[in-house]
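Take a look at the structure set out below.
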Amino acid sequence: MRELATEFEAQRGRLLAVAHRMLGSRSEAEDAVQETWLRYAGALADPAARAEIRDLSAWLTTTCARICLDVLRSARVRREAYPGQWLPEPVVSPLGGRPTADGYAPDPAERAVRTDQVGTALLVVLERLAPEQRVALVLHDVFALPFARVAGVLGTTEVAARQLASRARRAVTAPDVPRHTADPAEQRRVLKAFVAATDSGELDQLLQVLAPDVVFVGDSGGHFPAARRPVLGADAVARLTLGLFGRTGRYADRVLARPVLVDGALGLQLETAHSDGRPIRLVTAFAVDQGRITAIYNQLNPDKLTDLPPLDADDGWPPRW
Numbered sequence: 002m003r004e005l006a007t008e009f010e011a012q013r014g015r016l017l018a019v020a021h022r023m024l025g026s027r028s029e030a031e032d033a034v035q036e037t038w039l040r041y042a043g044a045l046a047d048p049a050a051r052a053e054i055r056d057l058s059a060w061l062t063t064t065c066a067r068i069c070l071d072v073l074r075s076a077r078v079r080r081e082a083y084p085g086q087w088l089p090e091p092v093v094s095p096l097g098g099r100p101t102a103d104g105y106a107p108d109p110a111e112r113a114v115r116t117d118q119v120g121t122a123l124l125v126v127l128e129r130l131a132p133e134q135r136v137a138l139v140l141h142d143v144f145a146l147p148f149a150r151v152a153g154v155l156g157t158t159e160v161a162a163r164q165l166a167s168r169a170r171r172a173v174t175a176p177d178v179p180r181h182t183a184d185p186a187e188q189r190r191v192l193k194a195f196v197a198a199t200d201s202g203e204l205d206q207l208l209q210v211l212a213p214d215v216v217f218v219g220d221s222g223g224h225f226p227a228a229r230r231p232v233l234g235a236d237a238v239a240r241l242t243l244g245l246f247g248r249t250g251r252y253a254d255r256v257l258a259r260p261v262l263v264d265g266a267l268g269l270q271l272e273t274a275h276s277d278g279r280p281i282r283l284v285t286a287f288a289v290d291q292g293r294i295t296a297i298y299n300q301l302n303p304d305k306l307t308d309l310p311p312l313d314a315d316d317g318w319p320p321r322w
């Protein structure tokens, strides 16, 4: 059993990455990986059975993917009953640290741009897909599993698996999907400009940082007031941002902030207080393309932020870069 556990732990980071991109929920991803371990231990405790598996990584990935597919099919109903807008649970890492090990594919021809595969923007757009499309895209385009194995996960033919991935690829790259193509240096430059413009309270300055078709999505899980639909357009998003965090905004002079990595891309962790005194913790993710912010994702549902490290008095506003 100790040998089995050692073999499994070597694969845990990859399995978590697979499950998180499929499910958009860190807690559900961890549950899927734990269920994968239970099936692994149960099926492979027999040395003879273990010897029949030539590629352990592929076996574990396939098993985890099948578990995730079942979860996705049941999650659709839960998403429809969710209060307000839904965003994935963020994976938050300190700046200067390394994002969670992801086991990405090397560079198959069908893959989208590498930077498009990192960040909240990808997880949000994956919610558009049918469960089978999402599994096909993540397994093949992101983690380079061959379509023959993808077909085995989905219980379909290789041709059908290719078609599912192709349809998913078109949806992920559709014209109305916020683009996130900026490298870390550009992300930092744009976010610093965004924070400076917000802190100044100048609408025109903030508009220069936002793409004309920028979208703002907030997920409070019903715990705090939040728009039930995305806020669209630079002017509307800028006014909302200034109304919250500008010099005369609702949370002016009582917000803490720290730059962090959110799902592998640059974002912000913030803390403030609601008008009724309740503490509010937020994780804000951004999509950046061609020097402007194309999307802002504001996660303030406390049920999805349980593992955040606390901020301290040095993490003032504007944040230190």
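If you want our numbering, it's the 1-based position in the sequence shown plus 1.
Note that beta-carbon positions come from the ideal geometry of N, C-alpha and C, so glycine has one too.
Fair warning: this is a prediction, and the values are worked out from it, not measured in the lab.
Under the three-state DSSP convention, the category residue i falls into
| i | result |
| --- | --- |
| residue 144 | coil |
| residue 54 | coil |
| residue 298 | strand |
| residue 168 | helix |
| residue 15 | helix |
| residue 293 | strand |
| residue 9 | helix |
| residue 125 | helix |
| residue 153 | helix |
| residue 181 | coil |
| residue 308 | coil |
| residue 99 | Its pLDDT being 45, under 50, residue 99 is placed unreliably in this model, and the value from its coordinates should be taken loosely. Looking at residue 99 - three-state DSSP - the assignment turns out to be coil, as it is neither helix nor strand. |
| residue 320 | coil |
| residue 303 | helix |
| residue 74 | helix |
Residue range of the unbroken beta strand (DSSP E) whose run includes residue i
| i | result |
| --- | --- |
| residue 217 | 211-220 |
Neighbour-count burial assignment, residue i, 16 or more Cβ in a 10 Å radius
| i | result |
| --- | --- |
| residue 192 | buried |
| residue 285 | buried |
| residue 292 | exposed |
| residue 90 | buried |
| residue 276 | exposed |
| residue 255 | exposed |
| residue 53 | exposed |
| residue 307 | exposed |
| residue 35 | exposed |
| residue 160 | exposed |
| residue 37 | buried |
| residue 158 | exposed |
Separation of residue j from residue i, as counted between CA atoms
| i | j | result |
| --- | --- | --- |
| residue 225 | residue 84 | 11 Å |
| residue 212 | residue 39 | 47 Å |
| residue 207 | residue 136 | 38 Å |
| residue 68 | residue 62 | 10 Å |
| residue 138 | residue 166 | 5 Å |
| residue 95 | residue 88 | 21 Å |
| residue 12 | residue 58 | 7 Å |
| residue 16 | residue 10 | 10 Å |
| residue 310 | residue 321 | 17 Å |
| residue 130 | residue 174 | 12 Å |
| residue 188 | residue 179 | 15 Å |
| residue 50 | residue 42 | 11 Å |
| residue 238 | residue 222 | 20 Å |
| residue 148 | residue 274 | 49 Å |
| residue 216 | residue 132 | 25 Å |
| residue 258 | residue 242 | 15 Å |
| residue 195 | residue 269 | 12 Å |
| residue 245 | residue 281 | 13 Å |
| residue 205 | residue 71 | 48 Å |
| residue 295 | residue 262 | 18 Å |
| residue 202 | residue 234 | 18 Å |
| residue 181 | residue 47 | 46 Å |
Start-to-end residues for the alpha helix (DSSP H) that takes in residue i
| i | result |
| --- | --- |
| residue 95 | Careful: residue 95 lies outside any alpha helix (DSSP H), inside the beta strand (DSSP E) at 93-95. |
| residue 191 | 185-201 |
| residue 34 | 27-45 |
| residue 88 | Careful: residue 88 lies outside any alpha helix (DSSP H) and carries neither H nor E. |
| residue 136 | 132-138 |
| residue 316 | Neither: residue 316 is in no alpha helix (DSSP H) and is coded neither H nor E. |
Contact with chain B by residue i, beta-carbon distance below 8 Å
| i | result |
| --- | --- |
| residue 316 | Although the question refers to chain B, the structure presented lacks it and comprises just one protein chain. |
Quick check for students: name the residue ranges of the beta strand (DSSP E) that lie wholly in the region 232-290, counting only runs of 3 or more.
If you keep only unbroken beta strand (DSSP E) runs of at least 3 residues inside the region 232-290, you get 257-263, 266-274, 280-290.
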